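Student: Residue numbers for the sequence shown follow the numbering used here, so the first one is 992 and each next one is one higher.
All C-beta atoms in this analysis are idealised placements derived from N, C-alpha and C, irrespective of residue type, glycine included.
It should be emphasised that the depicted structure is a prediction, and the values quoted were computed from it without experimental measurement.
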Amino acid sequence: MDDARLKQRVLKIAESVKNVRYEELVSLLDNHIKPFCEARGLSYDHRHSTGSHHAFTVGLKSFNVVKPHGTSLLKRAYVESFLEAMEHINLYE
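1. Could you tell me which of A1005, G1050, K1009, G1042 sits nearest to P1026, measuring between CA atoms?
2. Quick one: complete beta strand (DSSP E) runs, 3+ long, within the region 1006-1049?
3. What separation, rounded to the nearest whole angstrom, lies between the Cα atoms of L997 and Y1069?
4. Any idea if A1076 is buried or exposed, counting beta-carbon neighbours within 10 angstroms, 16 or more meaning buried?
5. Grab the span of the alpha helix (DSSP H) containing S1072 for me, first residue to last.
6. Are L1002 and Y1083 touching if we call contact CB-CB under 9 Å?
7. For the candidate residues S1043, L1074, T1048, K1052, whose alpha-carbon lies nearest to that of P1059?
8. Taking C-alpha atoms, which residue in F1054, R1000, E1078 lies nearest to L1019?
This is how it looks when you write it as structure tokens:
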């Protein structure tokens, strides 16, 4: 995915922070943000501890995502943490 399309996807998430699915965010991170970071020499790490907790490091910013129980929609705070990390790597303003 090119940079413009990646920025568009991040912007789409920012426009609907209450309606972001867990699977959508983790897939975007692992399949598109990771190669973006690797191509630019930025750090990327996805640590999955036991259970539903996932820790990500993108560039210099770390954040957590917790898989929701009973629904697939993430809490707003997790999406906002993701967006802050995207700001640091210039994929969101």
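Tutor: Looking at the coordinates:
1. G1050
2. 1035-1039, 1044-1049
3. 19 Å
4. buried
5. 1067-1079
6. yes
7. S1043
8. R1000
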